[in-house]
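Residues 1 to 369 (full-length UniProt numbering) make up the sequence shown, in order. Idealized CB from N, CA, C, for every residue including glycine. A short write-up of the structure that comes next.
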Amino acid sequence: MKTRAAVAFAAKTPLEVVELDLEGPKAGEVLVEIMATGICHTDAYTLDGLDSEGIFPSILGHEGAGIVREVGAGVTSVAPGDHVIPLYTPECRQCKSCLSGKTNLCTAIRATQGKGLMPDGSTRFSYKGQPIFHYMGCSTFSNFTVLPEIAVAKIREDAPFKTSCYIGCGVTTGVGAVVNTARVEPGANVIVFGLGGIGLNVIQGAKLVGANMIVGVDINPDREEWGRRFGMTHFVNPREVSGDLVQHLVALTDGGADYTFDCTGNTDVMRQALEACHRGWGTSIVIGVAEAGKEIATRPFQLVTGRNWRGTAFGGAKGRTDVPKIVDWYMNGKIEIDPMITHVLSLDEINKGFDLMHAGTSIRSVVVY
Ligand code: NAD
Ligand code: AHE
Ligand code: ZN
Numbered sequence: 001m002k003t004r005a006a007v008a009f010a011a012k013t014p015l016e017v018v019e020l021d022l023e024g025p026k027a028g029e030v031l032v033e034i035m036a037t038g039i040c041h042t043d044a045y046t047l048d049g050l051d052s053e054g055i056f057p058s059i060l061g062h063e064g065a066g067i068v069r070e071v072g073a074g075v076t077s078v079a080p081g082d083h084v085i086p087l088y089t090p091e092c093r094q095c096k097s098c099l100s101g102k103t104n105l106c107t108a109i110r111a112t113q114g115k116g117l118m119p120d121g122s123t124r125f126s127y128k129g130q131p132i133f134h135y136m137g138c139s140t141f142s143n144f145t146v147l148p149e150i151a152v153a154k155i156r157e158d159a160p161f162k163t164s165c166y167i168g169c170g171v172t173t174g175v176g177a178v179v180n181t182a183r184v185e186p187g188a189n190v191i192v193f194g195l196g197g198i199g200l201n202v203i204q205g206a207k208l209v210g211a212n213m214i215v216g217v218d219i220n221p222d223r224e225e226w227g228r229r230f231g232m233t234h235f236v237n238p239r240e241v242s243g244d245l246v247q248h249l250v251a252l253t254d255g256g257a258d259y260t261f262d263c264t265g266n267t268d269v270m271r272q273a274l275e276a277c278h279r280g281w282g283t284s285i286v287i288g289v290a291e292a293g294k295e296i297a298t299r300p301f302q303l304v305t306g307r308n309w310r311g312t313a314f315g316g317a318k319g320r321t322d323v324p325k326i327v328d329w330y331m332n333g334k335i336e337i338d339p340m341i342t343h344v345l346s347l348d349e350i351n352k353g354f355d356l357m358h359a360g361t362s363i364r365s366v367v368v369y
């Protein structure tokens, strides 16, 4: 079949909207009509050539929602007509990682996914006879895409696509980092570095679990109003702090925060986030994805004296199990999404979404097909 898609033909080059050929689903796969997709900073990071796994030409996008249109042989958990959210972290429920109960990082298809391929080692997309690679197993910047059955979460049909697509990455990552990874307890003090599409969801997660101080840190002054809208109690602009930012934050939180979250992808900020944790017990969670080649550093004494450094992918969420619950949280008003969707674009306008992100004027841009 044919599908319209925004193709990343090369790094550091705007996406091009073209009509592609798409092969139907093979055994264990499903064809999904993507109805809406968010644009996450990770898409920009790959498009900017900063992802060590970046492959071109490819179809980016990993934050979508859509409808199953066809299923391949042996598919039992979803059927045509089902509403689904594609999962870049699948959940096979059979691999060592899934069975461990200790992680959401299913390993069933990770090797081929990282190479831009389906589990059988081939790609379903082609353009003028040349293969086009998948991205993060999702490729939601295509109107139709093919996914392994284990990489779709079935969701309720009354959830709007335009907003629920954000649960495919940003919402689940931010809220999940608080509830699944850090397990922030009521009364804890929290610092969130970077108040974009992920950081604001960390803030709303921290409010949800009853955190005490929720300190937001961002170099964009416009983000103060955004943070307060979702429960931030204090705002710090590093550019307005005279002296050392970490010392300022440690003083503000009476010895350091119980939990800090990096939502910037900047390795210097990751260090600040660790060092702003409370001596003896503070935990810092790395969410941000750093540029290829970047490394994190701190004095080992920071760890010797009881600070913990951890990371999270997709908020520690097990996709097929947890994503439908997060959709319920949204539909029941436990969490908010609508105000964070600041821009709605057509597929032809998709490059504008990247420009808005880089300019710091959007929280989430969503492409509606
Ligand atoms: P975004 O562009 O919407 O937000 C980033 C925010 O960080 C902006 O508000 C920006 O002003 C702020 N910022 C930049 N430099 C800063 C600094 N030095 N100090 C303080 N604030 C600073 O991006 P996003 O979509 O929210 O994504 C954030 C990061 O999370 C990215 O690195 C992205 O790749 C990553 N991410 C990780 C996961 C995961 O599963 N681990 C999931 C989604 C996104
Ligand atoms: N490919 C990069 C790493 C990118 C990365 O860390 N991705 C996150 C999701 S970001 C979503 O916006 C993730 O889930 N990672 C776990 C995984 O298995 O990919 C690199 O550095 O090579
Ligand atoms: Zn993302």
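So, with DSSP's three-state summary, where would you put residue i?
i, result
"Phe301", "helix"
"Val78", "coil"
"Asp51", "coil"
"Phe184", "Checking the sequence, you will find Val at residue 184 rather than Phe. Of the three classes helix, strand and coil, the one that applies to Val184 here is coil, per DSSP."
"Leu274", "helix"
"residue 370", "Any answer about residue 370 is impossible in this case: the structure gives the chain only from 1 up to 369."
"Thr107", "coil"
"Gln204", "helix"
"Thr283", "strand"
"Thr312", "coil"
"Gly244", "Reading off the sequence shown, one finds Asp at residue 244, where the question assumed Gly. Three-state DSSP puts Asp244 in coil, outside helix and strand."
"Gly288", "coil"
"Ala159", "coil"
"Asp120", "coil"
"Val209", "coil"
"Thr89", "coil"
Apart from the five residues just before and just after residue i, which ones in its own chain have a Cβ nearer than 8 Å to its Cβ?
i, result
"Glu16", "Ala6, Val7 and Phe9"
"Gly116", "Ile55, Ser58, Thr123, Phe133, His134 and Tyr135"
"Cys263", "Gly174, Val192, Phe193, Gly194, Leu195, Gly196, Ile198, Gly199, Val202, Ile287 and Gly288"
"Val78", "Val30, Val68, Val71, Val84, Glu149, Val152 and Lys154"
"Arg279", "Gly255, Gly256, Thr305, Gly306 and Arg307"
"Thr253", "Asn189, Ile191, Met213, Val215, Ala276 and His278"
"Asp48", "Ala11 and Lys12"
"Gln204", "Gly174, Val175, Phe230, Gly231, Ile335 and Glu336"
"Ala44", "Phe354, Met357 and His358"
Once you ignore the five residues that flank residue i on each side, which residues in its own chain have a CB closer than 6 Å to its CB?
i, result
"Ala73", "Ala27"
"Glu291", "Leu50"
"Leu20", "Thr3, Ala5, Phe125 and Tyr127"
"Lys294", "Thr267"
"Gly210", "Pro186"
"Val146", "Pro25, Glu29, Leu31 and Arg124"
"Gly176", "Gly315, Gly316 and Ala317"
For residue i, which residues does DSSP report across the bridge?
i, result
"Arg307", "Paired residues: none, contrary to the question."
"Cys165", "Looking at the DSSP assignment, Cys165 forms no beta bridge with any residue, so it has no partner."
"Val217", "Phe193 and Val236"
"Ala257", "Cys277"
"Asp21", "Lys2 and Ser126"
"Pro148", "Glu29"
"Lys154", "Val84"
"Ser97", "None; Ser97 has no bridge partner."
"Phe133", "Ser58"
"Ser142", "Ala5"
"Thr267", "Answer is none; Thr267 lacks a bridge partner."
"Ala65", "Ala36"
"Asp262", "Phe193 and Val286"
"Glu70", "Leu31"
So, at 7 Å on beta carbons, what are the nonlocal neighbours of residue i in its own chain, with the 5 sequence-adjacent residues on each side left out?
i, result
"Asp338", "Thr163"
"Gly121", "Thr112"
"Ile296", "Thr267, Met270 and Arg271"
Starting from residue i, trace the alpha helix (DSSP H) both ways and give me its first and last residue.
i, result
"Phe354", "Ile350 to Ala359"
"His41", "His41 to Leu47"
"Val327", "Gly319 to Met331"
"Glu224", "Arg223 to Arg229"
"Val171", "Gly170 to Gly176"
Determine the extent of the beta strand (DSSP E) in which residue i is found, giving its start and end residues.
i, result
"Val344", "Ile341 to Leu345"
"Ile198", "Run containing Ile198: none; DSSP gives neither H nor E here."
"Ala10", "Unbroken run through Ala10: none, as it is neither H nor E."
Worksheet item: Which residues have a Cβ closer than 5 Å to any heavy atom of the ligand ZN, listed in chain order?
Response: Answer in sequence order: Cys40, Thr42 and Cys169.
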